[in-house]
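Asks:
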Amino acid sequence: QSLTNTVQVFSTDVSMLFGMEKCATVSIKRGKITTCDGIEMPNGQLIKCNQNEVYKYLGILQLDNIKHGEVKTIVRREYTNRVRKILKSKLNGGNTIKAMNTWAIPVIRYTAGIVNWTQ
């Protein structure tokens, strides 16, 4: 709670708004997600407690750890959609390969070292 107070004080000092609609907490004790009441700010606002809602950090879904299955499903869907769009575009062979390398493949490459693709 003291950390949130520090962030709020700093934010008001530099004339920034503290984005309460984006804030949430997760209570983890001994590796298990537990219930919590949230955190009350000094101005009376309450930061809600998320127990099962995942959040996206740098494009990767997380909660207490990375949600590998959900990320794989999203990445597969996005990759196949992009490949289909490229193939429907009626580009010649060389431009099709360039389009795949620059637009479709980076979707998979971004998650390569983070998501377990071998399972």
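So the number in my numbering is just where the residue sits in the sequence shown, counting from 1, plus 23. Even glycine gets a Cβ: it sits at the ideal position worked out from N, Cα and C. For clarity, every value in this text was computed on a predicted model and none was experimentally measured.
If you run the structure through DSSP and keep just helix, strand and coil, what is Lys52?
Replies: Strand, per DSSP.
Asks: Report the option in Ser38, Ile137, Ala122, Asn28 whose CA atom is closest to the CA atom of His91.
Replies: That would be Ile137, whose Cα lies nearest to the Cα of His91.
Asks: In this structure, does DSSP put Gly136 in helix, strand or coil?
Replies: Correct three-state label for Gly136: coil.
Asks: Go through its chain and collect everything with a Cβ distance to Ile131's Cβ below 7 Å, but skip five positions before and after it.
Replies: Same-chain partners within the cutoff: Val98, Tyr102.
Asks: How about Ala127 and Arg105: are their beta carbons less than 7 Å apart?
Replies: Yes. Within cutoff.
Asks: For Ile109, count neighbouring C-beta atoms within 10 Å of its own C-beta (all shown protein chains included) and say buried if the count is 16 or more, exposed if not.
Replies: That one is buried.
Asks: Out of curiosity, what's the CA-to-CA distance linking Thr35 and Asp60?
Replies: Thr35 and Asp60: Cα-Cα distance of roughly 25 Å.
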